[in-house]
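Below is one structure, written out as structure tokens; the observations come after it.
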Amino acid sequence: MFKKILIANRGEIAVRVIRSCQEMGVKTVAVFSEADRRSLHVRYADEAYCIGPPPSAESYLRMDKILEVARITKADAIHPGYGFLSENPEFSHLIKKSGLIFIGPSEFSIRTMGNKISARQRMIEAGVPVVPGTKENITDKKQALKATENIGFPVMIKAAAGGGGKGMRLVRKKEEVWEAVQSAKSEALDSFGNDSIYVEKYIDSPHHIEFQILADKHGNVIHLFERECSVQRRHQKIIEETPSPLMTDKLRKEMGRYAVDAAKAVNYEGAGTIEFLVDNDLNYYFLEMNTRLQVEHPVTENVTGIDLVKEQIRIAWGHKLSYRQNELTQNGHSIECRIYAEDSDNNFMPSPGLIKKMTEPKGIGVRVDGYVFEGFEVPVYYDPLISKLITFGKTRTEAINRMKRCLEEYKLGGIKTSLHFLKRIMETPDFVKGKYNTHFIDQNHDFLFNNIVKDDTMENTEDMAAIAALLEYQLNLNHTPENNHSSSRNAWKEFGRKKGVTRL
Amino acid sequence: MFKKILIANRGEIAVRVIRSCQEMGVKTVAVFSEADRRSLHVRYADEAYCIGPPPSAESYLRMDKILEVARITKADAIHPGYGFLSENPEFSHLIKKSGLIFIGPSEFSIRTMGNKISARQRMIEAGVPVVPGTKENITDKKQALKATENIGFPVMIKAAAGGGGKGMRLVRKKEEVWEAVQSAKSEALDSFGNDSIYVEKYIDSPHHIEFQILADKHGNVIHLFERECSVQRRHQKIIEETPSPLMTDKLRKEMGRYAVDAAKAVNYEGAGTIEFLVDNDLNYYFLEMNTRLQVEHPVTENVTGIDLVKEQIRIAWGHKLSYRQNELTQNGHSIECRIYAEDSDNNFMPSPGLIKKMTEPKGIGVRVDGYVFEGFEVPVYYDPLISKLITFGKTRTEAINRMKRCLEEYKLGGIKTSLHFLKRIMETPDFVKGKYNTHFIDQNHDFLFNNIVKDDTMENTEDMAAIAALLEYQLNLNHTPENNHSSSRNAWKEFGRKKGVTRL
Amino acid sequence: MEIIVNKQSIEVEILERQANELLIAVGNKKYRVDVERVENGTYSILCRGKSYDLKVIPGDNKRNFTVIHKFNNYNVEILDAEARYRKNRNNTNLDEDQSSIFSPMPGKVVKIPIKVGDSIESGQTLIIISAMKMESEYKAAKDCIIKEILTTEGATIEGNQSLILLE
Amino acid sequence: MEIIVNKQSIEVEILERQANELLIAVGNKKYRVDVERVENGTYSILCRGKSYDLKVIPGDNKRNFTVIHKFNNYNVEILDAEARYRKNRNNTNLDEDQSSIFSPMPGKVVKIPIKVGDSIESGQTLIIISAMKMESEYKAAKDCIIKEILTTEGATIEGNQSLILLE
């Protein structure tokens with residue numbers, strides 16, 4: 003087995019990977035930007051190296067520096083986590099070229115799946131259903147009109163290199179086609195340096211359902227069932243669950259088989275996710291493949307019992323898969339809520355800052371994957387994800403009720419978070435019934451935002467809040483405040499701000 | 003469903019019961035002694051009442067006060083937890099007489115199983131294997147000699163009302179019998195006010211294996227498989243796991259069926275545990291029944307997915323069991339370590355005190371059931387159990403490796419704990435191989451106690467410890483210490499010590 | 460002492476204090492409460508049998524707190540003498556800080572869809588900033604005119620930097 | 460500064476301090492370390508690439524600490540001027556507190572297997588106390604004679620109560 007793994011990431015996922023490495027007896031190397039000196043991944047790793055200033059482009063995206071740390075520390079392998087360099091084919095290539103192991107797929111797999119046009123082509127060849135649409139880059143008006151007419155309106159114009167809603171246009175009639183193509187191309191060129199676009203049928207009110215797959219270096223591929231990820235805001239998932247309330251056994255088997263075919267079609271190695279759009283009539287279409295670990299992988303771990311990071315590492319080492327498809331079952335139900343440092347009532351505006359107080363939920367059926375602590379200041383430079391709260395229940399209802407209990411037990415003082423909003427979702431009748439698609443938040447806007455009442459308020463709570471604040475105020479008047487973390491850092495000021503870390 | 007449940011207990015189990023009540027939407031009432039005003043169960047419950055001074059006999063064992071709180075708060079049911087009044091038949095009776103529901107078995111079940119002679123008789127009648135021995139109280143010398151001769155030496159003389167090793171004598175030859183009987187009787191009379199004793203065959207090097215059962219008010223009884231509890235110190239379990247490394251499918255089925263028969267023989271209702279002694283040849287004998295929830299119930303919850311407290315509450319309400327025997331399976335492996343405030347290197351001496359620093363393990367496959375927090379002072383009046391650390395793994399090896407990771411992540415500063423000792427057990431070859439019985443700690447004494455080396459020490463750690471302490475010392479010289487919880491309580495001293503709680 | 464809880468002003472007075480038991484008047488109600496400061500900044504209050512577990516989070520200054528109870532946040536301000544003095548003094552120009560748009564965090568300017576001299580309506584977008592992987596729109600809080608623009612599209616900005624001046 | 464780590468004395472000196480980077484001599488080794496006090500009482504030290512996460516737990520007085528790193532506890536005492544003075548002064552009668560047996564916690568006396576005037580050997584049990592649901596035996600640390608017994612079997616005792624006087 004590997005002796006030492008470098009984790010080219012930060013935040014909760016870096017800590018999560020370190021934990022599985024520790025359980026395997028593998029040493030870990032953290033890399034960090036100047037904004038992350040106090041982060042938990044730096045403290046929990048066996049070794050830690052600063053690789054640059056806070057902006058990602060100058061630190062977590064610097065392949066040269068990361069490879070240099072791997073060389074110095076004699077790490078055998080690099081785990082990319084998610085985001086940052088995890089889906090960069092060049093990174094996979096460079097690591098291999100350096101004689102190290104990339105814990106993820108080959109450059110070829112990443113590159114093929116990273117371009118939507120080439121991914122669609124591969125999938126069509128492999129017999130995996132894709133959204134009806136064009137296979138080639140659209141270059142002229144005649145081609146555009148013919149393609150859209152064949153598909154039938156409404157259609158989506160999409161950038162081949164796209165992501166995050168950029169270079170996308172919804173077109174409802176013929177007259178709008180050419181202008182939409184041109185503007186999408188221009189936006190795609192601006193954003194991705196590549197103006198290839200294609201046309202797809204527009205799927206109305208789709209469900210976003212994805213399948214977890216694992217593939218070893220010996221051609222074996224299995225799927226670990228689905229995750230339902232339709233609860234999204236700003237095109238970003240905030241709640242995921244498995245099993246999907248929409249799923250049937252037959253559909254699961256079919257889609258699972260296609261997910262395996264999709265992975266095989268690009269000679270995939272490691273853990274990956276095949277995303278599908280599913281309409282209300284249970285028609286399903288390949289959307290894209292994420293060639294890395296997903297944020298929401300813990301719900302799959304909860305119902306299968308399998309540690310996906312350990313499997314990634316074993317696969318990268320060359321082991322065959324530990325399980326065969328027919329050995330896997332889904333036991334119980336699991337839900338993940340993403341806790342963001344954001345103001346959910348104000349258009350989900352990021353809200354970084356100092357965590358002045360933190361209590362995390364514990365006890366039966368709960369898992370918290372986070373990286374912050376009391377006194378930690380959430381950096382402004384990165385994703386505002388603070389932690390993932392994952393519950394398990396024998397039934398979906400139990401998992402929901404447990405999530406409500408845990409969201410209430412979770413206290414984060416000093417910053418705005420999505421805790422309250424997530425609890426509101428757990429109470430939304432459409433969610434409770436399992437009847438929701440990607441328009442869930444829009445369709446339940448009134449319930450989620452306009453119907454805000456104080457929750458389960460006990461009598462006189464406002465008065466008790468006033469009393470507690472008054473007593474704290476009086477206590478502070480007479481004594482030095484003790485729970486003021488910023489003062490703890492002032493006390494430490496004589497050490498100045500970080501200057502002297504070993505830098506690369 | 004019940005509207006409000008009173009929890010007649012303290013510590014981690016009270017908090018654990020409150021959590022499941024919250025998930026069911028049931029309000030909770032805590033009772034507490036003067037030593038527990040700051041305890042988590044008081045803070046997490048919807049209502050809380052002080053029932054007396056610190057000693058249990060004046061608070062947690064006062065049935066009259068607890069029933070009075072139930073009356074005032076209009077609670078419909080009482081959950082006894084474990085210990086304290088949980089196996090007191092009078093308590094079950096009084097609650098029923100008051101028109102409330104006791105979340106546990108009837109007075110009859112508790113009383114029958116509470117006396118070892120009557121329990122043995124019932125089991126023999128029900129066809130459940132018991133340790134060969136006498137059915138009646140031994141009263142004269144002739145009877146004693148005949149009985150021991152029939153059974154064959156060595157034998158155990160045991161008090162019918164016994165527990166905790168009191169009124170027990172191991173006898174290896176005929177000449178010692180009568181003196182042992184007399185002294186056991188005298189000790190039993192002193193300790194339990196009852197001098198009934200009986201004789202059993204002595205089982206050498208037994209395994210302690212117990213079966214979890216659930217029984218509803220409609221005559222349905224199921225078992226939730228076994229727990230292996232052979233790792234004990236001072237006759238008290240410290241590590242439990244399921245499945246038992248000793249178990250075979252055939253044995254599990256057989257013993258499970260007997261466990262169900264045992265519960266049926268006393269018209270059992272609720273959750274209970276049938277304890278067996280198992281010898282190395284896999285002969286098994288009924289030992290006793292615990293007519294309550296066990297400390298180690300979470301390992302069963304982990305592999306079955308079932309919330310046992312919720313099942314207890316549903317059964318008490320009158321619901322039929324939620325599951326049939328053939329719907330249950332064991333998935334994966336779970337281990338529990340009991341974290342005690344004790345000095346494991348000094349004969350497990352209790353070590354209560356102020357928790358100055360606490361960090362609990364998180365992430366994949368870990369559950370922490372505790373009740374203390376940073377700044378909490380572990381009371382000297384009760385059991386020194388601080389928390390239960392429970393891991394889950396797809397395999398036993400994974401559960402062990404995860405336990406080691408979590409024991410290392412767990413930090414408790416200010417008191418002595420069993421963390422280090424537990425980690426040593428996880429490394430003991432006999433434990434790793436799953437080859438152990440109740441003599442495990444004695445048999446591995448050298449490895450556990452005399453072979454103490456610093457664990458995984460990184461180079462220069464002593465020097466780094468010196469540096470950190472020096473910096474903290476210098477910081478405190480210049481500033482008020484901030485992390486000194488006792489000073490926070492001094493600051494609060496103007497409020498004096500607790501005097502004015504609503505008292506009963 | 461005058462205390463503002465979620466914008467409602469109320470008079471709170473400690474009438475008696477004996478050990479941890481306090482008799483407190485809040486408005487026209489009287490409470491006998493048992494109080495423990497169980498952790499730094501965390502209070503357990505028992506009142507008429509009910510158990511309240513309250514986190515008191517310090518705000519911008521020693522008079523401001525956010526109190527968390529279950530899911531609810533209560534913004535509490537203690538109006539001590541100093542606060543009352545400041546409040547009276549500032550009453551005339553409370554909105555002065557609305558004369559410019561600040562960046563609350565470091566990021567990058569994506570778009571400035573207005574120009575100097577524009578008449579802006581309340582709610583109209585003034586600038587779009589990309590930070591923490593997301594784009595956020597900053598809108599005018601009231602009708603105004605753009606006086607000066609201190610940054611440009613594509614520029615990298617610091618936290619708390621003045622971006623646009625309004626009239 | 461002289462520091463005692465797990466009973467070993469060592470000389471520690473901060474040679475340079477520049478921002479969070481320190482050059483420190485420990486005995487005859489020199490370390491260049493990057494130090495962050497990441498939480499109250501928790502230090503993260505990076506030294507030659509290695510990451511140390513250390514909890515510094517205050518002891519009985521301002522000079523005593525227990526430092527936790529992974530599974531290991533280090534007892535650290537800072538020998539400042541005051542400590543050296545005390546140490547010198549007390550050197551003559553270090554064992555004076557061995558003249559009596561104290562109860563470390565409240566409990567109940569189960570058994571006193573000795574009587575006044577008995578000659579006791581080191582390691583012999585003097586009293587058995589039941590506390591926190593367990594029985595604990597207290598043994599003589601050295602040979603001695605029982606001078607006085609201040610409690611009786613069955614008695615309830617307080618924490619820190621003197622139980623037996625020794626000669």
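Residue numbers (the working numbering), protein chains in the order written: chain A, 3 to 506; chain B, 3 to 506; chain C, 460 to 626; chain D, 460 to 626. Even for Gly, the Cβ is constructed at its ideal location relative to N, Cα and C. It should be emphasised that the depicted structure is a prediction, and the values quoted were computed from it without experimental measurement.
Contact with chain B by isoleucine 388 (chain A), beta-carbon distance below 8 Å: Cβ-Cβ to chain B under 8 Å: no for isoleucine 388 (chain A).
CB contact below 8 Å: valine 497 (chain D) versus chain A: So yes, valine 497 (chain D) belongs to the interface.
Straight-line gap, tyrosine 383 (chain A) to asparagine 11 (chain B) (C-alpha atoms, nearest Å): Roughly 47 Å separates the two Cα atoms.
Boundaries of the beta strand (DSSP E) in which serine 411 (chain A) is found, first to last residue: Inspection of the sequence shows that residue 411 (chain A) is occupied by glutamate rather than by serine. Taken as a continuous stretch (DSSP letters only), glutamate 411 (chain A) belongs to no beta strand (DSSP E), being part of the alpha helix (DSSP H) at 398 to 411.
Backbone secondary structure at glutamine 620 (chain C) - three-state DSSP: Here glutamine 620 (chain C) sits in coil by DSSP.
Alpha carbon of asparagine 478 (chain B) to alpha carbon of asparagine 520 (chain D), nearest angstrom: Going by the C-alpha atoms only, they are around 11 Å apart.
Chain B residues whose Cβ lies nearer than 7 Å to that of isoleucine 308 (chain A): Within chain B, the residues near isoleucine 308 (chain A) are Lys396.
is_contact[glycine 54 (chain B), chain C] using C-beta, thresh 8 Å: By the rule that beta-carbons nearer than 8 Å mark a contact, glycine 54 (chain B) does not touch chain C.
C-alpha distance - asparagine 292 (chain B) paired with proline 56 (chain A), whole-angstrom precision: Distance between the alpha carbons of asparagine 292 (chain B) and proline 56 (chain A): 58 Å.
Against chain D: residues of the region 345 to 358 of chain B by CB proximity under 7 Å: Within the region 345 to 358 of chain B, Met351, Pro352, Pro354, Lys358 place their CB atoms closer than 7 Å to a CB of chain D, listed in sequence order.
Entirely enclosed beta strand (DSSP E) segments - the region 8 to 58 of chain B, minimum 3 residues: Secondary structure in the region 8 to 58 of chain B: the beta strand (DSSP E) runs of 3 residues or longer, each lying completely within the stretch, are 29 to 35, 49 to 54 in chain order.
For aspartate 2 (chain A), the first and last residue of its enclosing beta strand (DSSP E): Residue numbering for chain A in the displayed model covers 3 to 506; residue 2 (chain A) lies beyond these limits and cannot be assessed.
Beta-carbon contacts of lysine 67 (chain B) that lie in its chain and below 8 Å, excluding the five residues immediately before and after: These residues qualify, in order along the chain: Val33, Ile53, Gly54, Ser61, Leu506.
Cβ-based contacts, 9 Å cut-off: residues of the region 374 to 387 of chain B near chain C: Listed by position, the residues of the region 374 to 387 of chain B near chain C (Cβ gap below 9 Å) are Phe375, Glu376, Gly377, Phe378.
Element boundaries [beta strand (DSSP E), containing alanine 79 (chain B)]: Counting along the chain, the beta strand (DSSP E) containing alanine 79 (chain B) begins and ends at 79 to 81.
Proximal residues of chain A, C-beta to C-beta of lysine 529 (chain D) below 8 Å: The premise fails here: lysine 529 (chain D) is roughly 10 Å from chain A at the closest Cβ pair, so nothing lies under 8 Å.
CB contact check: lysine 521 (chain C) to chain B, cutoff 8 Å: Cβ-Cβ to chain B under 8 Å: no for lysine 521 (chain C).
Between the CA atoms of glycine 154 (chain B) and leucine 147 (chain B) - distance to the nearest angstrom: Near 11 Å, if we compare the C-alpha coordinates of glycine 154 (chain B) and leucine 147 (chain B).
As assigned by DSSP and simplified to three states, the class of glutamine 467 (chain C): Here glutamine 467 (chain C) sits in strand by DSSP.
Beta-carbon contacts of proline 572 (chain D) that lie in its chain and below 7 Å, excluding the five residues immediately before and after: Within the same chain, proline 572 (chain D) has close Cβ partners Thr584.
Against chain C: residues of the region 35 to 67 of chain B by CB proximity under 8 Å: Result list: Arg39, Arg40, Val44, Arg45, Tyr46, Ala47, Asp48, Glu49, Ala50, Tyr51.
In DSSP terms, what glutamate 495 (chain C) is bridged to: Glutamate 495 (chain C) pairs with C:Ser503.
For threonine 393 (chain B) and glutamate 484 (chain B), the rounded distance between their alpha carbons: Only weak support is given to the placement of glutamate 484 (chain B): the predicted model assigns it a pLDDT of 44, under 50, and the value that follows is read from those uncertain coordinates. Looking at the two C-alpha atoms, the distance is approximately 34 Å.
Residue closest to asparagine 523 (chain B), alpha-carbon to alpha-carbon, out of B:Val157, B:Thr419, B:Gly13: Nothing about residue 523 (chain B) can be reported from this structure: the residues present for chain B run from 3 to 506 only.
Closer than 8 Å to chain A by CB, valine 297 (chain B): No, its Cβ sits nowhere closer than 8 Å to a Cβ of chain A.
CB of alanine 467 (chain B) within 8 Å of CB of valine 535 (chain D), strictly: With contacts defined as CB atoms closer than 8 Å, alanine 467 (chain B) and valine 535 (chain D) qualify as a contacting pair.
Cβ pair glycine 355 (chain A), isoleucine 276 (chain A) closer than 8 Å: With respect to isoleucine 276 (chain A), glycine 355 (chain A) sits apart: the two C-beta atoms are not nearer than 8 Å.
Nearest-angstrom Cβ-Cβ length linking leucine 323 (chain A) and asparagine 222 (chain A), presumed shorter than 8 Å: About 5 Å separates the CB atoms of leucine 323 (chain A) and asparagine 222 (chain A); that is less than 8 Å, so the two are in contact.
With 16 other Cβ atoms within 10 Å as the buried cut-off, status of aspartate 444 (chain B): Under this definition aspartate 444 (chain B) is an exposed residue.
Sequence-distant residues of the same chain with beta carbon closer than 6 Å to proline 247 (chain B), five excluded per side: The beta carbon of proline 247 (chain B) is closer than 6 Å to those of Gly436 in its chain, skipping five residues each way along the sequence.
Closest by C-alpha distance to valine 201 (chain B), when choosing among B:Glu243, B:Arg122, B:Val130: The shortest Cα separation from valine 201 (chain B) among B:Glu243, B:Arg122, B:Val130 belongs to B:Arg122.
Inter-residue spacing [alpha-carbon to alpha-carbon] between asparagine 499 (chain D) and histidine 528 (chain D): Whole-angstrom Cα-Cα distance: 15 Å.
Chain-ordered neighbours of isoleucine 462 (chain D) on chain B, where CB pairs are closer than 8 Å: In chain order, Ala468, Ala471, Leu472 make up the part of chain B whose C-beta sits under 8 Å from the C-beta of isoleucine 462 (chain D).
Contained alpha helix (DSSP H) runs [length at least 4] in the region 118 to 203 of chain A, N- to C-terminal order: You should have 118 to 127, 143 to 153, 179 to 194.
Short CB-CB distance (under 8 Å) between glutamate 242 (chain A) and chain C: Taking Cβ atoms only, chain C never reaches closer than 8 Å to glutamate 242 (chain A), which makes this a no.
Rounded straight-line distance, which links the Cα of isoleucine 337 (chain B) to that of methionine 405 (chain B): Straight-line Cα distance between these residues: approximately 8 Å.
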